[in-house]
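Have a look at the structure below, then the notes.
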Amino acid sequence: KAHYPSCPCDEMTDAHQPATQDVGEKRQCGKCRRRISLVESTIKCRCGLAFCERHMAAENHECAFDWRQMQREKIARENPKVVLQANKLKSSKDWCAQYCKHHPVATWGERCSQLMHLLGALLVVAFNASGIWRAAMQVQIMSWIRQAVLGYCIGFLCAHALPRCCGTPPSSCCFCIFSWDVLSMPQWCLEAEWEQAKEQLIYAITGGKRNCLTRKLYDGPRSLPSILQTVVAKLQEGSQGGFKCS
1 KAHYPSCPCD EMTDAHQPAT QDVGEKRQCG KCRRRISLVE STIKCRCGLA
51 FCERHMAAEN HECAFDWRQM QREKIARENP KVVLQANKLK SSKDWCAQYC
101 KHHPVATWGE RCSQLMHLLG ALLVVAFNAS GIWRAAMQVQ IMSWIRQAVL
151 GYCIGFLCAH ALPRCCGTPP SSCCFCIFSW DVLSMPQWCL EAEWEQAKEQ
201 LIYAITGGKR NCLTRKLYDG PRSLPSILQT VVAKLQEGSQ GGFKCS
């Protein structure tokens with residue numbers, strides 16, 4: 001029986017058959033597998049699939065692409081963080097401004113983190129005061145050193161570890177007593193902590209910036225005598241004829 005070679009056309013058809021199937025698969029919706037138009041097949045989502053008009057939106061096809069991470073990277077790329085060096089600041093006011101930038105209180109979580117930071121700073125001060133008292137009574141300088149080191153370690157854990165345990169956003173400690181900047185300007189670090197403590201006090205007095213003392217305390221002088229004078233005047237006004245919010 002004679003053997004006839006296969007037709008070259010048949011070989012070409014067989015060679016191109018998988019490509020035709022691949023093209024057909026590419027023109028299917030990645031969600032419902034319905035055949036889509038040529039134009040729709042060219043519009044691909046960031047997850048790498050093409051979808052019909054019904055499932056084209058990311059929320060309609062359970063998109064696996066991390067859109068939030070993409071936006072975070074975009075914001076970080078377009079807004080580089082600028083950190084001033086401590087030795088370039090010329091006044092305590094500029095130092096406090098940088099402190100507030102790195103210790104924000106815009107949200108409730110951030111404010112809770114700063115309250116823990118403030119608690120840590122108060123522990124440092126309290127332990128140092130106790131150490132100085134013991135050193136003065138016992139005439140032993142080592143008592144103050146032990147108390148100072150112990151207070152700083154406990155305060156540091158309270159400012160850094162406690163917010164992470166509570167799930168609040170930790171602050172990037174710069175220009176505060178728990179940063180390396182305290183070695184260059186300890187007096188400005190303490191002043192910045194004191195200003196933050198007064199801000200937390202005003203926030204508590206005004207009930208979260210909701211009562212009639214908000215404007216007076218936040219717009220007025222931030223000294224402790226002025227704050228107490230404003231509160232006492234408002235209490236006297238309330239005892240005489242009721243509170244009058246202006």
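The working numbering applies: residue 1 is where the sequence shown begins, and numbers increase by one.
Every residue gets a Cβ at the ideal spot worked out from N, C-alpha and C, and that includes glycine.
Note that the structure is predicted; figures quoted are calculated from it, not measured.
Please name the residue in the options whose C-alpha comes closest to that of residue i.
| i | options | result |
| --- | --- | --- |
| P169 | C176, A159, H61, W67 | A159 |
| R222 | A106, A148, Y203, Q71 | Y203 |
| S64 | P163, C45, Q71 | One point to set straight first is that residue 64 is Ala, not Ser, in the sequence displayed. A64 has its Cα closest to that of C45, out of P163, C45, Q71. |
| A50 | E59, A58, E40 | E40 |
| A106 | E191, E199, L150 | E199 |
| L224 | I205, A97, E237, L235 | I205 |
| R164 | G220, E110, C47 | E110 |
| P186 | A57, S37, S92, G48 | S92 |
| R146 | H55, F127, G220 | F127 |
| R54 | A76, C29, V139 | C29 |
| Q114 | D94, L162, Q140 | L162 |
| E191 | I141, Q98, R215 | Q98 |
| D181 | R77, E78, K88 | K88 |
| S171 | A129, L213, A76, M116 | M116 |
| D66 | Y152, C52, G48 | G48 |
| R35 | I43, C52, T42 | C52 |
Which value, in whole angstroms, describes the spacing of the CA atoms of residue i and residue j?
| i | j | result |
| --- | --- | --- |
| L123 | K90 | 29 Å |
| N211 | V231 | 12 Å |
| R33 | Q71 | 30 Å |
| V23 | E62 | Because V23 carries a pLDDT of 49, less than 50, the predicted location of this residue cannot be relied on, and the following value inherits that uncertainty. The alpha-carbon atoms of V23 and E62 are separated by roughly 24 Å. |
| L119 | G155 | 7 Å |
| E134 | K74 | Looking at the sequence shown, residue 134 is not Glu but Arg. The alpha-carbon atoms of R134 and K74 are separated by roughly 55 Å. |
| S239 | L201 | 23 Å |
| Q21 | Q69 | Below a pLDDT of 50, predicted positions are generally treated as unreliable, and Q21, at 41, falls in that range; the measurement from the model is reported next regardless. Cα to Cα, the separation comes out at about 35 Å. |
| L150 | I132 | 13 Å |
| K234 | G167 | 37 Å |
| C96 | A148 | 24 Å |
| C189 | D94 | 12 Å |
| Q236 | K209 | 21 Å |
| W144 | M137 | 11 Å |
| R207 | G220 | In the sequence under discussion, the amino acid at residue 207 is Gly, which differs from the Arg named in the question. Roughly 17 Å between the two C-alpha positions. |
| Y218 | A197 | 14 Å |
| Q229 | W194 | 19 Å |
Which stretch, first to last residue, makes up the alpha helix (DSSP H) that contains residue i?
| i | result |
| --- | --- |
| V149 | 141–166 |
| N211 | Neither: N211 is in no alpha helix (DSSP H) and is coded neither H nor E. |
| R72 | 67–78 |
| D94 | 92–102 |
| A121 | 108–138 |
| I202 | 186–205 |
| E62 | Premise fails: E62 is in no alpha helix (DSSP H) and is neither H nor E. |
| said: Taking contact to mean 3 or more Cβ pairs, one atom from each stretch, closer than 8 Å, check whether the segment 163–179 and the segment 99–115 are in contact. | reply: yes
| field | Start-end ranges of the alpha helix (DSSP H) lying completely within the segment 25–50, minimum 4 residues | value | 38–42
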